[in-house]
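Chains as they are written, first to last, in the working numbering: chain U, 1 to 458; chain B, 459 to 782.
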């Protein structure tokens with residue numbers, strides 16, 4: 001993916017770390033388990049704890065005893081090698097043995113059902129095959145059917161709780177056996193496209209898909225991501241409940257799930273792009289130009305200036321991005337919109353030398369940023385069109401519009417639009433709008449609206 | 459008719475060190491002073507061999523019982539008689555001789571022409587050649603300078619200019635060497651002046667193309683035509699240089715130049731593709747240039763018109779989905 005890497009997209013980065021963690025090879029898990037085993041062997045097996053101290057330890061052991069049996073480990077197995085490709089967690093949500101987990105735990109299976117199969121391991125250590133009967137790619141959820149009754153199950157009902165309430169997260173971190181993590185509820189994340197619960201507690205890789213519950217066992221959310229330092233994120237129970245209803249009402253065959261993913265992503269982008277950049281976009285002044293900034297609450301923007309005294313030019317950057325990417329596979333996410341303005345000015349260079357710099361930056365904005373000419377299994381190569389455009393605000397622009405198609409998700413495209421403001425001898429402004437997982441018509445609409453937001457300041 | 463046989467005694471590097479014209483046969487070859495052809499090599503006998511003619515006029519080289527005998531080609535076999543048909547090179551001991559019958563034809567003379575055509579005055583005028591080279595160096599320096607944007611770019615630009623001048627000198631040198639071999643004319647400055655003339659033309663054309671692409675971007679036909687013009691300039695250069703190093707006619711020179719230019723371009727494209735593939739895995743280059751022109755002179759479309767025209771991209775990538 002050509003998206004500029006930024007450490008600010010904590011959820012995204014956290015998600016990647018999380019997903020990578022889920023893919024810990026079995027050998028690592030064994031090593032880790034051994035290390036833990038050795039460490040624990042050096043301690044007394046039965047530390048001397050008085051009954052009073054044990055009571056002071058709170059309710060966690062009780063929660064664990066009561067609900068651990070309803071939490072399972074989910075494994076995706078590569079059929080050819082017979083080895084685990086991904087491990088995660090899940091929990092029973094019906095008497096009939098349906099299991100809720102994350103889409104990203106079973107994404108390999110959804111994308112290549114001929115290459116993978118899934119199974120669950122319950123608290124008794126019994127392994128059963130499961131099938132995926134419904135997915136919600138945007139919220140990162142999936143429902144599995146095990147075909148056998150559950151020993152116990154969680155009901156998915158809307159809950160209202162106060163910030164600070166103690167919650168318990170259950171799951172199978174890194175193949176180490178089931179674990180319980182205490183933490184606190186810190187409300188929904190502000191400014192996200194789709195809701196996420198902020199859980200302050202150390203959810204670890206492998207716990208993806210496990211439940212986070214109250215003392216009474218009411219599900220608050222599904223473990224989905226972490227950005228470290230006890231900042232963890234949950235998918236709200238409402239979304240899980242909606243998916244469960246849908247999946248139970250009309251279970252989907254596994255080979256039609258990818259089409260569901262495509263339809264869902266198309267629907268999703270329609271909803272959040274409908275008003276993006278539409279009217280009265282907030283703007284900032286950059287080099288005498290009004291340029292768009294933070295077009296919606298779910299965008300975050302940052303700015304920085306290069307203060308390298310050894311360069312004969314100055315540059316100022318303004319960058320905005322959505323935080324809410326949608327996980328497609330281990331190396332592919334979609335649903336990100338971001339844009340960046342780069343202002344270049346000079347006193348030391350003449351206009352020809354400045355334009356040599358400007359051309360160079362226009363051709364290679366963002367360092368290693370590249371447009372793949374050749375496609376892969378999932379995406380075609382990029383195709384581009386270059387033109388000169390006079391914007392509504394009287395700004396003359398060089399424009400490049402590049403697009404590639406998703407091969408397995410018909411109707412979805414990645415698009416990159418880049419412009420350079422023309423006509424100033426020693427000032428240039430480059431701007432790049434990147435959109436992933438959008439319809440072609442929406443990409444065109446975004447370009448139209450985006451260009452319309454550029455004006456000379458009076 | 460008088461029978462003439464010519465014996466050429468060759469030096470170490472194959473050059474003719476002595477040429478003897480024999481009109482009476484038999485004629486002797488040896489180190490002895492009475493020999494008709496005196497060969498001063500210590501491995502040659504005083505009377506080593508002789509050239510005889512039979513009634514039919516056929517020539518034969520006969521060994522006169524020498525220590526080292528007669529050898530032909532790479533073989534070390536000592537021969538006693540060798541038929542002399544046409545031009546024959548033999549070894550007597552360590553001495554190499556070329557024996558040729560006087561009626562043997564020689565190739566036609568290479569024309570020793572001064573350059574003709576429109577550029578003749580340039581190639582005949584040292585001042586004009588110096589001016590061309592100087593103008594080329596100044597313009598390439600200016601181009602490198604205006605294309606640089608780093609602080610203290612002077613040293614880098616100077617380095618680029620030196621490298622470029624060295625490259626043209628090597629190019630001109632290769633042609634000069636070829637001329638020295640083929641027509642015994644070095645003409646280094648003429649080759650240099652021609653090269654720089656074309657460099658000047660390419661620089662001017664490159665600028666024209668760049669501005670044309672800036673004002674009317676994405677015209678693939680114009681880009682192809684631009685490439686053809688640049689290729690034509692290189693063809694003209696090679697054809698002119700072929701004129702300096704050979705007696706080829708104009709049509710033949712142009713044909714050779716076209717073949718060479720196409721081959722060079724093909725190699726460059728392949729090398730470029732290979733390099734790109736290794737380094738970047740195949741990326742779409744954005745080739746647009748940004749030139750310092752006032753906005754009022756830049757033809758531009760409306761946003762709606764531009765967006766409308768991107769519809770073709772959708773068809774393009776949708777086709778890729780089906781074909782890949």
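C-beta: ideal position from N, C-alpha, C; glycine also.
- Burial of residue 528(B) is indicated by the presence of at least 16 other C-beta atoms within 10 angstroms of its C-beta.
- Look at the region 741-759 of chain B: the residues with a C-beta under 8 Å from a C-beta of chain U are 741, 742, 743, 744, 745, 746, 747, 748, 749, 750, 751, 752, 753, 754, 756, 757, 758 and 759.
- The beta carbon of residue 312(U) sits closer than 7 Å to some beta carbon of chain B.
- Interface residue (Cβ-Cβ distance to chain B less than 7 Å): residue 272(U) is not classified as such.
- The Cβ of residue 388(U) sits closer than 7 Å to at least one Cβ of chain B.
- Chain B places a beta carbon closer than 7 Å to that of residue 425(U), counting this residue as a contact.
- The residues 518, 519, 520 and 521, in chain order, have a CB closer than 8 Å to that of residue 539(B) in the same chain once the five nearest residues on each side in sequence are set aside.
- Rounded to whole angstroms, the separation of the alpha carbons of residue 334(U) and residue 778(B) is 20 Å.
- Contact with chain B is found for residue 382(U), since one of that chain's Cβ atoms lies less than 7 Å from the residue's Cβ.
- Within 8 Å of the CB of residue 606(B), the CB atoms of chain U belong to 353 and 356, in sequence order along the chain.
- Under the three-state reduction of DSSP output, residue 61(U) falls in the helix class.
- Contacts between residue 299(U) and chain B, judged by CB atoms closer than 9 Å, are missing: the closest CB pair is about 22 Å apart.
- Contact residues of the region 59-70 of chain U toward chain B are absent (C-beta to C-beta distance below 7 Å).
- Residue 121(U) is positioned such that its CB atom lies closer than 7 Å to that of residue 73(U).
- Within the same chain, and ignoring the five residues on either side of residue 240(U) in sequence, the residues whose Cβ sits closer than 6 Å to its Cβ are 100, 141, 156 and 222.
- Within chain U, the residues placing a beta-carbon under 8 Å from that of residue 767(B) are 385 and 387, ordered along the chain.
- Contact of residue 444(U) with chain B by beta-carbon distance below 7 Å involves 765 and 768.
- In the three-state reduction of the DSSP assignment, residue 643(B) falls in the coil class.
- Interface annotation for the region 659-689 of chain B against chain U: 675 and 676, criterion Cβ-Cβ distance under 7 Å.
- Proximity of chain B to residue 447(U) at the Cβ level (cut-off 9 Å) is accounted for by 761, 764, 765 and 768, in chain order.
- Between residue 486(B) and residue 504(B), the gap from beta carbon to beta carbon reaches 7 Å or more.
- Taking 8 Å as the Cβ-Cβ cut-off, the region 282-299 of chain U has no residue approaching chain B.
- In the three-state scheme derived from DSSP, where H, G and I count as helix and E and B as strand, residue 686(B) is classed as helix.
- In this model, residue 205(U) and residue 89(U) are separated by some 10 Å (Cα to Cα).
- In the three-state reduction of the DSSP assignment, residue 204(U) falls in the coil class.
- Contacts with chain U at 7 Å (Cβ-Cβ) include residue 609(B).
- By the neighbour-count definition (other C-beta atoms within 10 Å, threshold 16), residue 572(B) is an exposed residue.
- Nearest CB-CB separation between residue 334(U) and chain B: not below the 7 Å threshold.
- Shown here, residue 512(B) sits in coil according to DSSP, grouped into three states, outside any helix or strand.
- As DSSP reads the structure, residue 84(U) sits in a beta bridge with 77(U).
- Contact between the region 346-357 of chain U and the region 101-113 of chain U is absent: fewer than 3 CB-CB pairs across the two stretches fall below 8 Å.
- Ranked by how close their Cα comes to the Cα of residue 421(U), the residues 775(B), 749(B), 768(B) and 479(B) have 749(B) in first place.
- Partner residues in the beta bridge of residue 144(U), as assigned by DSSP, are 99(U) and 132(U).
- Of the candidates 667(B), 647(B), 711(B) and 545(B), the residue whose Cα lies closest to the Cα of residue 583(B) is 647(B).
- Counting the other Cβ atoms within 10 Å of the Cβ of residue 268(U) gives 16 or more, which makes it buried.
- Here the alpha carbon of residue 691(B) sits roughly 19 Å from the alpha carbon of residue 623(B).
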